[in-house]
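A.B. asks:
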Amino acid sequence: MIGFLFSLVAVLVLVGIALVGVGGLGLKVLFGVIIPYAAVLTFFAGLVYRVVDWARSPVPFRIPTTCGQEKSLAWIKPNKIDNPCSTGAVVLRMVLEVLTFRSLFRNMKLDYREGPKIRYSSEKFLWLFAIMFHWAFLVVIIRHMRFFTEPIALWLQTLEHLDGFMEVNLASFGVGLPTIQLSGLVLLGGVTLLLLRRIVIPTVRYISLAADWFPLFLITGICLTGILARYVVRVDVVKVKEMAMGLATFHPVVPDGISVWFYIHFFLVCVLFAYFPFSKLMHLAGVFLSPTRNLVNNSRAVRHVNPWSYPVKTHDYHEYEDDFREQMVEAGLPVEKTLEEAEAEKTAKETPAAPETQETEEKREE
Amino acid sequence: MDTKPEFKPGNFLYAGKASALETVGLPNPRDWSPTDDDWQLPADWKGIVHEGMAERLQRFRSFKLFMDVCVRCGACADKCHFFIGSGDPKNMPVLRAELIRSIYRGEFKTAGKILGKLAGGRKLTEDVIKEWFYYFFQCTECRRCSVFCPYGIDTAEITIIAREILNLIGCNIDWIASPVANCFMTGNHLGLKPHTFKENVEYLLDDIEEYVGVRIEPTFNRKGAEILFVTPSGDVFAEPGIFTFMGYLMLFDHIGLDYTWSTYASEGGNFGFFTSHEMMKRLNAKMYAEAKRLGVKWILGGECGHMWRVVHQYMNTLNGPADFLEQPISPLTGTRFENAAATKMVHITEFTADLIKNNKLKLDPSQNDHIIPTFHDSCNTSRGMGLLEEPRYVLNNVCNNFVDMAPQVIRENTFCCGSGSGLNAGEYLEMRLRGGLPRANAVKRVHEDHGVNMLSCVCAIDRAVFPALMDYWVPEVGVCGVSELVANALVMEGQGEREYNLRGEENPSYKPPAEDEASAEAGEEGEE
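In order, the protein sequence lines correspond to chains A and B.
Per the numbering used here: the first sequence = residues 3 to 368.
Per the numbering used here: the second sequence = residues 1277 to 1804.
#1: According to DSSP, is V17/A part of a helix, a strand, or is it coil?
#2: Do L1481/B and F1513/B come within 8 Å of each other at the CB atom, strictly closer than that value?
#3: Is the region 106 to 122 of chain A touching the region 1699 to 1710 of chain B, taking contact as three or more C-beta pairs under 8 Å?
#4: Does DSSP put C1356/B in a helix, in a strand, or in coil?
#5: Among E1554/B, H1588/B, E1773/B, which one has its Cα closest to the Cα of A1790/B?
#6: Hey, how far is the Cα of E1801/B from the Cα of R1659/B?
#7: For the region 1710 to 1726 of chain B and the region 1568 to 1582 of chain B, state whether three or more C-beta atom pairs, one from each stretch, are separated by less than 8 Å.
#8: Select from the region 1455 to 1483 of chain B all residues with a C-beta closer than 7 Å to any C-beta belonging to chain A, and list them in chain order.
#9: Would T67/A and V1423/B qualify as a contact pair, given that the criterion is a beta-carbon distance under 8 Å?
#10: Between the region 1455 to 1466 of chain B and the region 1531 to 1544 of chain B, are three or more C-beta pairs nearer than 8 Å?
#11: Using a Cβ cut-off of 8 Å, pull out every chain A residue sitting near S1422/B, in sequence order please.
#12: Here's the rule I'm using: 16 or more other beta-carbon atoms within 10 Å means buried, otherwise exposed. How should L156/A be labelled?
#13: How close, in whole Å, do the beta carbons of D214/A and L184/A come, if the pair is a contact with beta carbons under 8 Å?
#14: With the cut-off set at 8 Å, would you say L1731/B and E1760/B are in Cβ contact?
#15: Given a cut-off of 8 Å, decide if H285/A and V1345/B are closer than it, judged by their beta-carbon atoms.
#16: With a threshold of 16 other CB atoms inside 10 Å of the CB of V54/A, please say whether the residue is buried or exposed.
#17: Taking C-alpha atoms, which residue in T1619/B, P1303/B, C1447/B lies nearest to M1563/B?
#18: Can you tell me which of the three DSSP states M1730/B falls into?
#19: Since Y1535/B sits in a beta bridge, which residues does DSSP pair it with?
#20: Name the two residues that bound the continuous alpha helix (DSSP H) containing L1481/B.
#21: Going by alpha carbons, who is nearest to A1736/B out of G1510/B, G1428/B, G1323/B, N1304/B?
#22: Measure from the alpha carbon of D1640/B to the alpha carbon of each residue in Y1786/B, E1485/B, V1456/B, R1739/B, then state which is nearest.
#23: For L1745/B and A1716/B, what's the separation of their Cα atoms in angstroms?
#24: Closer than 6 Å by C-beta to R1585/B: which residues in its own chain qualify, once you throw out the five before and the five after it? Chain order, please.
#25: Are there 16 or more other CB atoms within 10 angstroms of the CB of E323/A, so buried, or fewer, so exposed?
#26: Could you check if L1525/B is buried or exposed, using at least 16 other CB atoms within 10 Å of its CB as the buried criterion?
#27: Nearest-angstrom Cα distance between L16/A and L270/A?
#28: What separation, rounded to the nearest whole angstrom, lies between the Cα atoms of N1689/B and F1288/B?
#29: According to DSSP, simplified to helix, strand and coil, what is Y312/A?
#30: Around the Cβ of L128/A, are there at least 16 other Cβ atoms within 10 angstroms (buried) or fewer (exposed)?
#31: Alpha carbon to alpha carbon, what distance is there between I1531/B and F1413/B?
#32: Should N1729/B be flagged as near chain A, meaning a C-beta pair shorter than 8 Å?
#33: Tell me the start and end of each unbroken beta strand (DSSP E) in the region 1645 to 1682 of chain B that is at least 3 residues and wholly inside, in chain order.
#34: Residues in its own chain within less than 7 Å of G1500/B by CB, not counting five upstream and five downstream?
#35: Report the rounded CA-to-CA distance for E343/A versus F1384/B, giving the unit in angstroms.
#36: Go through its chain and collect everything with a Cβ distance to S281/A's Cβ below 7 Å, but skip five positions before and after it.
In structure tokens, the structure reads:
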């Protein structure tokens, strides 16, 4: 509950900062140039730092989570995607994981019936909301590239066209609204549903931290201010583009006459960029590094090497035989040294010296 | 996070005995109980834990990544059998991980150090250690959560490392520490000395002679055998595992396999895996060392879950390369086990499936007609290997009535027995029955709908713990290993009347030989 309120207040404060900063104090250069550059720099530097930091820790063991039949006997059909037997199969597993959220698609929910009777049913809502959210977010980000490129690439125009397919319907109302971009609405819908899910489902509410609420509120804020700027306040997009092009070409300009709502939207985006590398949002990069997903399940066929492997103390066979030789002989078990040999050796070595264990350890290391 | 666990009889495991810890040189040996107020931690326990975490963050990308990328989406929440059976929120995999993640934030991350609870961080205290002990020994490392996690976060990996850290300050359980010490000294978890191991096998040989009518003479520690066979020691010790063990003996005799048992490498399982990566390596070393000493060509492994996780995903990395062994080839079928080319160890079910496929076994599945078996996929062989079709193929060839459980609870979705990873202690029965609920519930369903009366499995811990679980939740369902069912169906050369099964019970499926001239043997052949 504290996390929820804190995050909500934090995002409102951020809105307030931009409102006062630009609307009240007119710090347009700060909010239009300095903060954006700093945020983007933080984003990329942070992202690289975090990924390098993860990558510095090795993967000592090959530990894929196998979710299907392994490749074994020739006549048994392996499940190549869920139990990858080659690099190509791992790539496919990862592509499907990253693009279609395959693991989430497996999700099922359980319910108790008549006491301890448990039933499991398919649960696709989390998957659906997540797909809506992430894909819409991607389209929205790509769509915003129109502000940073000139001329606008054909594929980008095509994407926009597809995204704005509701144009025709709305134009018939004749109110002169800008084209409704579907992605923005889906994104707002997705983030709202994810937020509601977190509030409504008791287990998920219980596990939620401020770090979970904050990005949801932040992105909701970005969506709302974006939609507001586009459809209600009708921000002067020509000037916004001028400013964006200035940033992209490293000749920043701060044109007059851009609504403060744009600055609020822009500031929240900057906060998201700067916050990203230090937050759970790093799952974007982390998913690619996950050792339970990105490894081939072939550890019996191909040896995996642990870079920090070190020799260990074992209890080798000779020590074992020394412990039990008498009983072994009595039970008719074969021994390396007869009782007499062992006895003779023992008396020969009056001085205690035991190089044996060391030797075997060295051998093992070879 | 603030609710402290309450140690009550039935929900915690006894502490590791000082003597066991001393045998293998584990830190801080002492006599203590989790119910004590003072756990007698080492003076600098905080520093040890802090350093232990830092070291493991640098050594394991899995650990580091899993500390960072969780988004708390909750997909894992209801996937844990202990959560389903106990309702304790900290048994949700996400919160189990948060127990250590919160310390990671509070002790290692700037935001967590400054903002504390608001950033999901907290400080390391003795209460945290008690909580870790309670919950990381309430996870069976089954990996079910990892299947559903969008980033593959594996709570098993987190539990493994948390236990490793707990071991640094001497917080471990007796049910793991004692088997580890036994295994180190005698070669097996049960502490069976070489002559006792042999004696136990001989009892089983006597039983086979009595019930099947053939005398089998296996060898022990024999140099120059083609194959070394290694299986969990539990199966030479207690019911119903011993019937699986008898199954191996009969199968190998039936096909005339040139193999040997070892009293030194007399343990397939590896409770070191539940202690630390180092201890896993120390105990696992015996298999290759003994294979080398005996000069065998390759190793065949018996039915066991975590043993196969270790063999499949760790052994060659830990103690390889096994360049003194040859790539396994079945001496009967000529099949090259390409999937075991480097580790040179083959699973008995892979081996048996290949034998059946190539018609090398003389089988009479009608001997199992009174049995309606279902199959429990072990967590480790399913989610840490992918052995799914082989056991089903074998079962369908040695039984006529095999029934699978619902798809949501088998294969990669399988539920743990509730007692894996060293938690199968008597004092822990209540939690084990809770953790076993989802599995038992699924068995109950097929029991009611299809008359299933036998839960077959390929894991020694399963065989040890399922009888209690079935007795409590689904009486009337027995427990057996797949190899026991194989042996029931085997038509052994020179066998007597199979009126009794390996358990010494009258076999309801036994059909007395027809009264005409045909001999019993020919009759059984005809039934195939």
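The beta-carbon is built from N, C-alpha and C at its ideal position, and this holds for glycine as well.
C.D. replies: Concretely, from the data shown:
#1: helix
#2: no
#3: By the C-beta criterion, the region 106 to 122 of chain A is judged not to be in contact with the region 1699 to 1710 of chain B, since fewer than 3 inter-stretch pairs fall below 8 Å.
#4: coil
#5: The option with the nearest alpha carbon to A1790/B is E1773/B.
#6: For E1801/B, the predicted structure reports a pLDDT of 47, less than 50, and the residue's modelled location is therefore unreliable. The matter cannot be settled from this model.
#7: No, the region 1710 to 1726 of chain B does not touch the region 1568 to 1582 of chain B.
#8: Residues F1460, M1461, G1463, K1469, P1470, H1471, K1474.
#9: V1423/B sits close to T67/A, with the two beta carbons spaced by under 8 Å.
#10: Flag = yes, the region 1455 to 1466 of chain B and the region 1531 to 1544 of chain B touch.
#11: T67, T294
#12: Counting C-beta atoms within 10 angstroms of its own C-beta, L156/A has fewer than 16 neighbours from the protein chains shown and is therefore classed as exposed.
#13: No, D214/A and L184/A are not in contact; Cβ-Cβ is about 27 Å, not under 8 Å.
#14: no
#15: yes
#16: exposed
#17: Minimum Cα distance to M1563/B is reached at T1619/B.
#18: strand
#19: I1503/B
#20: 1470 to 1488
#21: G1510/B
#22: When only C-alpha atoms are compared, the closest one is Y1786/B.
#23: 7 Å
#24: N1656, G1660
#25: buried
#26: buried
#27: 7 Å
#28: 27 Å
#29: Reduced to three states, the DSSP call for Y312/A is coil.
#30: buried
#31: Here the alpha carbons of I1531/B and F1413/B stand approximately 42 Å from one another.
#32: no
#33: 1649 to 1652
#34: In the same chain as G1500/B, and ignoring 5 residues on each side of it, the C-beta atoms closer than 7 Å to its own belong to G1571, in chain order.
#35: Cα to Cα, E343/A sits roughly 58 Å from F1384/B.
#36: A213, P217
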